[in-house]
Amino acid sequence: MEIKVSVDKDLCIGTGNCAFFAPEVFEIGDDAQARVLDPEARPIEEVIWAAEQCPIRAIRVWRDGTQIV
């Protein structure tokens, strides 16, 4: 299973929800923007949950080429 995760830097406001719920997958950088560390560091369900916690929906998750979030 191929997992791809991206953060739209134009939308991200750095709330840190993603990094709180999946710290092995996301971090907030010095620029106050979320970044993806390792999309496969947590089970896909946890990555989806963390992405869904973004209040402005700046995170996209794909599994095997199909967008989930």
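Residues in the sequence shown are numbered from 1 upward in steps of one, following UniProt numbering.
Ideal Cβ placement from N, Cα and C applies to all residues, glycine included.
Closest Cα partner of residue i within the set the options
| i | options | result |
| --- | --- | --- |
| Phe-20 | Asp-10, Asp-31 and Glu-46 | Glu-46 |
| Val-7 | Ile-44, Phe-26 and Trp-49 | Phe-26 |
| Ile-3 | Trp-62, Gln-33 and Gln-67 | Trp-62 |
| Asp-31 | Ala-58, Lys-9, Pro-55 and Arg-57 | Lys-9 |
6 Å Cβ shell around residue i - same chain, five flanking residues per side excluded
| i | result |
| --- | --- |
| Ala-50 | Cys-18, Phe-21 and Ala-22 |
Spatial neighbours of residue i in its chain, beta-carbon cut-off 8 Å, leaving aside the 5 residues before and after
| i | result |
| --- | --- |
| Gln-67 | Arg-60 and Val-61 |
Cβ shell of residue i (< 7 Å), same chain only, five flanking positions each side left out
| i | result |
| --- | --- |
| Asp-64 | Met-1 and Glu-2 |
Bridge-paired residues (DSSP) for residue i
| i | result |
| --- | --- |
| Gln-67 | Trp-62 |
| Ile-3 | Arg-63 |
Quick one: any contact between the segment 10 to 18 and the segment 39 to 46, if contact means 3 or more CB pairs under 8 Å?
no
If you scan the segment 14 to 42 from start to end, which runs of the beta strand (DSSP E) of 3 or more residues do you find wholly inside it?
26 to 28 and 34 to 36
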